[in-house]
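Quick note, my numbering runs 297 ahead of the 1-based positions in the sequence shown. Beta carbons are placed, not taken as given, at the ideal position from N, Cα and C, and that holds for glycine.
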Amino acid sequence: MRYFLTGLPGSGKSFWAKKLAEKYQLPFLDLDAHIEVKETKSITDIFKEKGEVYFRELESEALQEIIIENEQLILACGGGTPCFHQNMERMNTAGTTIFLNTPPEWIAKNLMTHEEIEQRPLFAGLKSQDQVIAHLNHLLTGRIEYYKKARYEVVPGAFEVTLNDFDKIIVP
298 MRYFLTGLPG
308 SGKSFWAKKL
318 AEKYQLPFLD
328 LDAHIEVKET
338 KSITDIFKEK
348 GEVYFRELES
358 EALQEIIIEN
368 EQLILACGGG
378 TPCFHQNMER
388 MNTAGTTIFL
398 NTPPEWIAKN
408 LMTHEEIEQR
418 PLFAGLKSQD
428 QVIAHLNHLL
438 TGRIEYYKKA
448 RYEVVPGAFE
458 VTLNDFDKII
468 VP
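In structure tokens:
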């Protein structure tokens with residue numbers, strides 16, 4: 298079975314995908330990391346040099362390749378992956394989609410605490426936690442219709458509670 302974790306940038310998709318892959322002994326892939334290896338460039342550099350339209354096409358192609366090449370995996374998708382090129386429909390057909398509905402306030406606090414803002418192209422130039430929250434809310438407004446097409450929704454909370462939520466979804 299294939300599992301696709303979706304949600305806003307910084308929502309914990311990579312963190313949870315790694316934890317779940319380990320727990321259920323399934324292969325783990327991170328879509329952004331896969332693209333960076335394939336392109337030998339960071340996502341930030343791809344955005345800067347070729348733009349978002351190019352990146353979204355690349356992302357969709359990489360997603361299709363991963364689906365074809367992997368019968369079983371847990372994939373941490375990019376925050377915008379479900380919103381372009383019918384990717385959410387493709388993921389729903391190929392496996393189980395899970396929307397990590399992490400509150401923007403929590404994401405912003407975490408990103409600011411761990412100084413991850415510079416590594417994320419969609420947050421370039423944002424300096425304060427309030428700016429990050431506003432930007433996340435703006436992204437969520439535009440993306441929620443896609444995220445809500447996921448088969449399951451998990452609101453990350455305490456570690457054990459969230460693991461129990463996933464136990465109801467993932468069938469090893």
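Query: For F352, the first and last residue of its enclosing alpha helix (DSSP H); Result: 340-366
Query: Under the three-state DSSP convention, the category E333 falls into; Result: helix
Query: Through-space distance from C374 to I441, alpha-carbon basis; Result: 15 Å
Query: Cβ neighbour criterion (16 or more within 10 Å) applied to V334; Result: exposed
Query: Where T399 falls: helix, strand or coil (DSSP); Result: coil
Query: Inter-residue CB distance, A359 and I395 (contact presumed, cutoff 8 Å); Result: The Cβ separation is near 19 Å, so there is no contact.
Query: As assigned by DSSP and simplified to three states, the class of E450; Result: strand
Query: Assigned exposure category for S425 - 16 Cβ within 10 Å defines buried; Result: exposed
Query: Where I441 sits in the DSSP three-state scheme; Result: helix
Query: Chain D within 8 Å of A447, Cβ atoms only; Result: Protein chains in the displayed structure number just one, and chain D is not present.
Query: Distance between Y300 and K310 (C-alpha atoms, nearest Å); Result: 11 Å
Query: Counted within 10 angstroms of its Cβ, other Cβ atoms place G454 as buried (16 or more) or exposed; Result: exposed
Query: Rounded C-alpha distance that separates Q428 from E412; Result: 14 Å
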